[in-house]
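Those sequence lines, one after another, are chains A and B. 50 is the number that my numbering gives to position 50 of the first sequence; each next residue is one higher, with no gaps. When you read off a place in the second sequence, starting at 1, and then add 99, the result is the number in my numbering. Report on the structure given below.
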Amino acid sequence: MNPANYIVLSAVLFSIGAIGVLVRRNAIVVFMCVELMLNAANLAFVAFARMNGNLDGQVVAFFVMVVAAAEVVVGLAIIVQIFRTRRSASIDEPNLLKY
Amino acid sequence: MSEGINLGETIVFWVCAGLATLGALGLVLSRKAVHSALWMALTMINLAILYVANSAPFLGMVQVIVYTGAVMMLFLFVLMVVGVDASDSLIETIKGQRAAGVLLGLALGVLMVWGIGSALAGVAPAGLERANEIDGGNVQGIARMIFTDYLVAFEATSALLITAAMGAMVLAHRERWAARPTQEQLSKARFLSGEHPGNKPSPGIYARHNAVDTPALLPDGTPSELSVPRPLRARGDVRPVDHADMTEIAEIEEVDAT
Chain A
1 MNPANYIVLS AVLFSIGAIG VLVRRNAIVV FMCVELMLNA ANLAFVAFAR MNGNLDGQVV
61 AFFVMVVAAA EVVVGLAIIV QIFRTRRSAS IDEPNLLKY
Chain B
100 MSEGINLGET IVFWVCAGLA TLGALGLVLS RKAVHSALWM ALTMINLAIL YVANSAPFLG
160 MVQVIVYTGA VMMLFLFVLM VVGVDASDSL IETIKGQRAA GVLLGLALGV LMVWGIGSAL
220 AGVAPAGLER ANEIDGGNVQ GIARMIFTDY LVAFEATSAL LITAAMGAMV LAHRERWAAR
280 PTQEQLSKAR FLSGEHPGNK PSPGIYARHN AVDTPALLPD GTPSELSVPR PLRARGDVRP
340 VDHADMTEIA EIEEVDAT
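Below, the structure is given as structure tokens:
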């Protein structure tokens with residue numbers, strides 16, 4: 001097996017996450033798809049660290065995880081807040097800035 | 100090639116890669132948001148196994164603890180708050196957006212897989228044995244790098260975490276603008292509204308079952324709409340009234356009368 005398979009798997013997961021972000025309308029599902037894209041990038045970092053023979057990639061993946069955790073907390077708080085005011089979790093609803 | 104990939108890792112890769120891709124597809128294709136979250140958890144766990152297979156045991160553990168432990172629980176918790184039935188609307192706000200999104204996503208995937216696959220086809224991995232040996236292990240190596248080369252980034256991360264926690268608390272906090280209504284005010288409001296102030300009829304009164312989906316029967320045998328909780332009525336889960344009960348009661352009454 002070629003170790004580049006890890007990178008190819010990461011590309012596949014990233015694309016599926018991107019499709020989910022573009023297609024789904026539920027804010028929480030869209031958010032989970034963003035998380036999937038972050039995880040795919042992490043897998044690429046880990047695989048690149050192994051291919052290059054140093055640990056920098058793993059450290060960067062660790063930082064990505066920390067930032068993703070912080071981002072999830074703030075993003076979900078915003079989603080809950082929007083749901084409280086508009087009673088909807090659809091990303092088509094908040095369109096007040098449109099007009 | 101300094102580090103060969105043995106048969107065991109090949110098997111682990113194909114099993115976990117298949118399950119991770121299945122989880123990702125389930126995440127995108129599930130109608131219900133809770134199902135999406137569970138598929139997502141499957142993907143996360145398989146990615147953790149792949150990290151361990153990629154000689155990153157520390158990141159594998161962090162993945163399990165942070166993602167499948169904390170982040171997915173947070174997602175499920177918010178799903179419970181926001182409403183499990185908040186499923187997707189099928190109305191397209193922008194015409195053709197769904198098809199265009201799928202097409203562009205597939206194009207992105209083909210481009211990346213083809214480009215990366217052809218670029219990395221002949222590259223042999225250097226392997227992490229030597230990098231791990233310097234400090235005596237993977238965890239020690241990562242620890243040394245975090246606390247030396249990446250110290251500034253690490254400190255900034257701590258500031259970020261505190262800011263995120265504060266931000267979440269501020270965003271999720273709801274200020275109470277009016278005073279909490281007293282019991283007297285609530286009671287007066289209930290009687291002023293003109294509706295029936297007492298309890299609604301309990302489900303199952305005079306009916307054969309006493310489950311919440313069984314409407315109570317009025318004296319004339321018709322089911323009482325008020326006795327069944329509104330969510331059950333909205334979902335159409337109300338148990339139909341068994342009119343055999345009514346004929347049986349009539350028979351008993353006749354026996355008693357004679």
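Where a beta carbon is used, it is the ideal one built from N, C-alpha and C, also for glycine.
Which residues, taken in chain order from the stretch 104-134 of chain B, show a beta carbon closer than 7 Å to some beta carbon of chain A? I104, T109, F112, A116, A119, T120, A123, L124, L126, V127, A132
Tell me, please, whether the CB atom of F83 (chain A) is closer than 7 Å to any CB atom in chain B? yes
With 7 Å set as the bound, which would you pick, yes or no: does the beta-carbon of I91 (chain A) sit closer than that to a beta-carbon of chain B? no
Within 10 angstroms of the Cβ of F290 (chain B), are there 16 or more other Cβ atoms? Answer buried if so, exposed if not. exposed
Does chain B have any CB closer than 7 Å to the CB of M110 (chain A)? No answer is possible for residue 110 (chain A): the residues shown for chain A start at 1 and end at 99.
Looking at the structure shown, is P156 (chain B) part of a helix, part of a strand, or coil, going by DSSP? helix
Beta carbon proximity, G266 (chain B) to chain A, threshold 7 Å: yes
May I ask you to report which of helix, strand or coil DSSP gives N145 (chain B)? helix
List the residues of chain A that T142 (chain B) touches, going by C-beta distances under 8 Å, in chain order. L13, L36, N39
Quick one: is N153 (chain B) near chain A, going by C-beta distance under 7 Å? yes
Would you please state the rounded distance, in angstroms, between the beta carbons of V46 (chain A) and V212 (chain B)? I believe it to be under 8 Å. Contact doesn't hold; Cβ gap of about 18 Å is too wide.
How far does the alpha helix (DSSP H) with Y6 (chain A) in it reach, from first residue to last? 4-23
Within chain A, the residues that P224 (chain B) reaches when beta carbons sit closer than 7 Å: P3, R50, M51
For the putative contact between A263 (chain B) and V74 (chain A), defined by C-beta atoms under 8 Å, what is the C-beta separation to the nearest angstrom? 5 Å
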